[in-house]
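>
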Amino acid sequence: MEWHFGPKTGSRFWLEKAGSLGFDPRCDIRGHADLRRFPNVVAEFRHIPIEDLIPRGYEGKTDVVGAFDSGGTTGAPKRVPLLSDWMSRSLRWKSARMDELGLPRGVNWLTLAPSGPHIFGRLMAEVTRMREGICFTVDLDPRWVRKCLSAGQAEEADRYAEHVVDQAESILAQQDIGVLVATPPLLGRMAERDKLVDLVNEKVAVIMWGGAHLDADTRKVLQEEVFPDVRLCGQYGSTMILGGSMERAEAPRTAGQCVFDSFSPYTTFSVVDPSSQLEVAEGERGQVVMHHVSKSLLLPNNPERDLAVRIAARPGSLGDSVADVTPVPVFEAAEVIEGVY
């Protein structure tokens with residue numbers, strides 16, 4: 005709080021916002037629960053200059069990897085800056101979680117993920133390099149798919165998704181791929197092609213899924229019947245926390261459920277009742293609220309477009325862990341359309 009609200013170190017956005025908060029963050033925010041006192045400001049990230057979010061304390065010496073957009077599922081996207089120090093720290097943590105899950109190092113990856121303004125594809129490329137592999141990519145434009153679906157052009161959306169899967173099949177046939185990264189809707193399409201299923205089972209050691217929800221029953225079918233020779237591992241996160249998490253390695257795999265732990269204390273989850281905004285009990289379902297508190301960015305108390313079951317966090321971690329993540333039907337007065345991401 006001293007860093008983000010100190011006159012010499014804080015960002016322009018938070019220094020200008022401080023006077024309207026009704027409390028002094030440097031004195032009144034003493035613990036994780038106090039982060040809920042902040043207003044939900046993420047909608048303002050749609051239009052403010054990206055430079056206003058970079059803390060002055062970097063004194064012009066920071067390395068900005070880029071500006072990245074939210075998915076734009078519910079309207080104009082929000083934008084956040086990704087700084088190199090945060091990217092390195094968060095990917096080291098994520099790579100360590102991959103080691104816990106037994107993901108191989110030194111193998112090539114095939115990533116079917118949005119790039120351009122989306123952070124997911126960039127982070128997957130960086131973590132592949134960190135783990136000494138070569139990243140093959142197939143670009144994905146989730147906004148076009150959602151635009152087609154919202155306009156009732158399901159056939160056009162299908163043609164585009166098949167175009168993406170065609171490219172994936174070509175790469176898998178021609179190259180040695182050890183890790184496949186794909187969204188659940190695309191995995192479902194891949195499962196419909198016998199030749200592609202054979203290629204995945206023959207070559208791939210791990211499928212990492214994320215970017216859209218995967219229900220426990222479908223996960224169980226994919227793992228046990230479609231890709232029995234490949235390990236499925238989930239990841240969950242958000243552009244607004246500049247990253248995400250891998251599933252918990254030691255979590256029970258009953259009914260295909262997986263548990264996601266946050267990168268505490270920098271990124272944390274809370275699970276609340278959507279109506280009262282009070283935390284639900286462990287084991288109960290509610291809306292996910294995310295917090296990012298690091299040197300590079302402050303974004304607390306951000307309600308996400310996801311529902312999840314509240315799970316006890318690992319010992320020593322702040323906030324909650326989550327399981328059985330699904331999208332809310334309506335978010336910010338707009339229907340949520342997942343499409344392929």
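Here the sequence shown is numbered in this note's numbering, starting from 5 and rising by one per residue.
Glycine included, every Cβ here is placed at the ideal spot set by N, Cα and C.
Please read these numbers as outputs of a predicted model, since none were measured by experiment.
Can the beta-carbon of V263 be found less than 9 Å from the beta-carbon of V276?
Contact flag unset, no.
> What is the C-beta distance between G75 and K12, in whole angstroms, given that I count them as a contact (C-beta under 8 Å)?
That belief does not hold up - the Cβ atoms of G75 and K12 are roughly 35 Å apart, past 8 Å.
> Determine, using beta-carbon pairs with one atom in the stretch 186–205 and one in the stretch 126–133, whether at least three such pairs fall under 8 Å.
Taking 8 Å as the limit for Cβ pairs, the verdict is that the stretch 126–133 does not touch the stretch 186–205.
> H217 by DSSP, collapsed to three states: which one?
Note: H217 maps to coil in three-state DSSP.
> Decide yes or no for the touch test of the stretch 203–221 against the stretch 181–190: beta carbon pairs closer than 8 Å, at least 3 of them.
The stretch 203–221, when compared against the stretch 181–190, does touch it at the 8 Å Cβ threshold.
> Flag this pair as yes or no: are the beta carbons of P304 and Q291 separated by less than 9 Å?
Their beta carbons are not under 9 Å apart, which means P304 does not touch Q291 by this criterion.
> Is the CB-CB distance between S321 and S266 below 9 Å?
Yes, they are a contact pair.
> Could you check what DSSP says for C152 in three-state terms: helix, strand or coil?
Of the three classes helix, strand and coil, the one that applies to C152 here is helix, per DSSP.
> Between which two residues does the alpha helix (DSSP H) carrying E228 extend?
E228 -> no alpha helix (DSSP H), and no H or E assigned at all.
> Since N205 is in the beta strand (DSSP E), which residue starts that stretch and which ends it?
No beta strand (DSSP E) holds N205; the alpha helix (DSSP H) holding it covers 198–207.
> State the Cα-Cα distance for the pair I52 and L144, rounded to the nearest angstrom.
Looking at the two C-alpha atoms, the distance is approximately 27 Å.
> Please list, in chain order, all residues of the same chain as V168 whose beta carbon is under 7 Å from its beta carbon, the five residues on each side excluded.
Correct list, in chain order: L116, V142, L144, L190.
> DSSP three-state call for C262: helix, strand or coil?
Coil.
> Restricting to Cα atoms, I'd like to know which of V201, D28, S15, D73 is closest to L176.
Measuring from the Cα of L176, the nearest candidate turns out to be V201.
> Quick one: is A327 buried, meaning 16 or more other Cβ sit within 10 Å of its Cβ, or exposed?
With 16 or more Cβ atoms within 10 Å of its Cβ, A327 is classed as buried.
> Assuming L302 and W18 form a contact by the criterion Cβ under 8 Å, report the distance between their Cβ atoms to the nearest whole angstrom.
About 6 Å; that satisfies the 8 Å criterion.
> Determine the closest residue to A47 out of K151, R83, L25, R40, with distance taken between C-alpha atoms.
Among K151, R83, L25, R40, the Cα nearest to that of A47 belongs to R83.
> Look at Y270 and S298 and say whether their C-beta atoms are less than 9 Å apart.
Yes, the Cβ-Cβ distance between Y270 and S298 is below 9 Å.
> Measuring from the CB of L114, is there a heavy atom of the ligand FAD at a distance below 8 Å?
Looking for the ligand FAD in the displayed structure turns up nothing, as the structure carries no ligands at all.
> Leaving out the 5 sequence neighbours to the left and right, which residues in its chain are closer than 8 Å to V230 when beta-carbon positions are compared?
Around V230: A195, V201.
> Tell me the rounded alpha-carbon separation between E206 and L114.
E206 and L114: Cα-Cα distance of roughly 15 Å.
> In terms of DSSP beta bridges, what is Y240 paired with?
Answer by DSSP bridge pairing, in chain order: S249.
> Distance, Cα to Cα, E173 vs M102?
So the alpha carbons of these two residues sit roughly 25 Å apart.
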